Structure formats: C-alpha cells, structure tokens
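Take a look at the structure set out below.
Here you go:
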C-alpha cells in the first residue's frame, strides 16, 4: 500500500463526516463542493496553518510530533482505535518487509479441541484462519477441505458461498471483516501480502471494493451474530475475542449461546454432527515469504 495515499484517503474520509456547523464554524450556509470540513477549516480546529495541514494530509510534512497528530485526531473527533491508526499511518516508513510464518502453539490447539460444544478458531494477520476445532468447522464450513490459499476469513466471507450463507445479516459481517482487515493493514504496512489480498478481493467482489473505500476501522472484541444452518435453522451466537500472549497478531475467537436457549441446543446438535475433533494442520515453515500465484502467500500464515 502507498502510505501517502492511505493517509490522505483516511483523513479525507474523516473530514467528510463532520459538518462545519457541528464544529462551530461560521459560513457553513455557503455552497460547498465537497461534504464535511475543508482542509483550511480542519487546520483551524487543529491549531495549525492551512499550508501545514495540507502537507500533513498529503504525507509531505516532516518530523510530525505526536502532539500535532493528536490535535488533528481531536479536531476530527477520532476514537481511540482511529487515533492509533492515524499515528501508525503517519509513522509508517520503508518498503515491503518479510513477515514470519505464524505458528499456533500445540497447547492452544489442544485447548480448542477440549471444548466439544464451543466453536473456536484462531485468526492471524490479514484475517488468515490459522486453526479451528470440530464444532467451528461444523458451524461454518469444512476448513480442512479448503485449499490453503482460501483459509482467510475475508476471502471466505466475500468469495465462499456456503460460508457467506451462514450469516443472516451478511452485510453487517462483511462490514466487520473489512474494518478488521483495514485496521490490521495499518499495523503491518510493510507486509506485501496485504495489498495482494486487497487487490484480489476487490477484483472478485464489488461489495468488498465498496466497503473498503469507506475506510471503516474496528477492533475484534465481542458481540453477536445471527446465523443459519441447514441442519438446525436460525440461531444466535455471542463471540469473544482474546488476543493471545506471545503473539499479539493471533486472536482466539469463541462462540457461545445463552444457557438453556434454543441457540445453545443448536450448538449441541452441530457439535454432535461434528463428531470427534480432528487436528488442524500446522503450517510448514515458508522460506520464501514473497507471495506467489494469486499474489497471496501460500499456507495458512
């Protein structure tokens, strides 16, 4: 990704969200060519010159202090996640960097397999699906039957019809996964696999391209999804996301349902259909991290 282009696109999207009258600025009744704040209005709110803010938004400002970034973030009314993303975009330097293959600890795999009625999986960088248990495969899709290059949550949500059909409100799930992916990209600006994945998804799915342009950001924390499955019909699950010690780029995601509810009964039925846990494959070390083929790295890293 181009750091300057990403920074400019993000800031323009956030300026567009704020009406001048909401920011207490005068002269908002005049006809405007673009929605939201102009650069000079944002500069006024941030306490910097219009020329400096223009260079800042274009990625041409030198030695930008944290205080300036925070001032711009306050003027744009960014939340904590967005503010952190802005800092990373401003500080990102250099070209593509190799990233190590992510390995899931054997103990973590055993932990997931010890939860016979709790769907769980581990997601890594770029929303890659690194490991899963049998209930997760039964609830969503047979991950073990997928080609290695498809073991990616964003790819599956947009390009795999069976998994896509699991979500009653697919649009909400799609927005979530795009927001996670964009936030993760900001944390790893030198990883060449990100632009390859984004390019592939943009080519395959106009819906992905539309959502990607909206510049939404979201941490994966907790929430719920309304699902459907041919074996049990519709049901609701709550998810919890736990960042793993030792690798902040790995997250364990578990799904549960309210005690005694029809949704919990549905999970138990799916667990029975899943049968005994089958071990998920561990990726082999990849001596060449440069993406090949479709542009994304092979394996589940």
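In the working numbering, the protein residues as written are 217 to 517. All C-beta atoms in this analysis are idealised placements derived from N, C-alpha and C, irrespective of residue type, glycine included. Fair warning: this is a prediction, and the values are worked out from it, not measured in the lab.
- Classified as exposed, residue 279 has fewer than 16 neighbouring CB atoms from the shown chains inside 10 Å of its CB.
- Here residue 489 has 354, 447 as same chain residues with Cβ atoms under 7 Å from its own Cβ, once five neighbours each way along the sequence are excluded.
- Your pair residue 380 and residue 386 checks out as a contact, with CB atoms roughly 6 Å apart and the cut at 8 Å.
- For residue 451, the uninterrupted beta strand (DSSP E) segment begins and ends at 449–460.
- Around the beta-carbon of residue 461, fewer than 16 other beta-carbon atoms lie within 10 Å, marking it exposed.
- DSSP lists 455 as the bridge partner or partners of residue 439.
- Beta-bridge partners assigned by DSSP to residue 469: 337, 457.
- Membership of residue 347 in any alpha helix (DSSP H) is not indicated; the residue belongs instead to the beta strand (DSSP E) covering 345–348.
- Nearest in C-alpha terms to residue 251, of all of 235, 262, 441, 259, is 235.
- A direct Cα-Cα distance of roughly 10 Å separates residue 258 from residue 289.
- The C-beta separation of residue 396 from residue 434 comes to about 6 Å, placing the pair in contact by the 8 Å criterion.
- Looking at 336, 412, 440, 334, the one whose alpha-carbon comes closest to that of residue 384 is 440.
- Spatial neighbours of residue 219 in its own chain (CB-CB distance under 8 Å, excluding positions within 5 residues in sequence) are listed in chain order as 275, 305, 308, 309, 405.
- By the C-beta density criterion, residue 262 is buried, having at least 16 other C-beta atoms within 10 angstroms.
- Secondary structure note for residue 328: its alpha helix (DSSP H) is the uninterrupted segment 322–329.
- DSSP places residue 291 inside the alpha helix (DSSP H), whose first and last residues are 282–291.
- Our two residues, residue 338 and residue 271, have alpha carbons roughly 41 Å apart in a direct line.
- Residue 330 has its alpha-carbon roughly 45 Å from the corresponding atom of residue 227.
- The shortest C-alpha to C-alpha distance from residue 332 to any of 348, 343, 318, 254 is the one to 348.
- Annotation for residue 276: no alpha helix (DSSP H) segment contains it, and DSSP assigns it neither H nor E.
- Take residue 474, set aside five residues on each side of it, and the residues of its chain with a beta-carbon closer than 7 Å to its own are 480, in chain order.
- The straight-line gap separating the alpha-carbon atoms of residue 457 and residue 466 is approximately 10 Å.
- Relative to residue 358, the option among 222, 491, 224 whose CA is nearest is 491.
- In this chain, the alpha helix (DSSP H) harbouring residue 228 covers 219–231.
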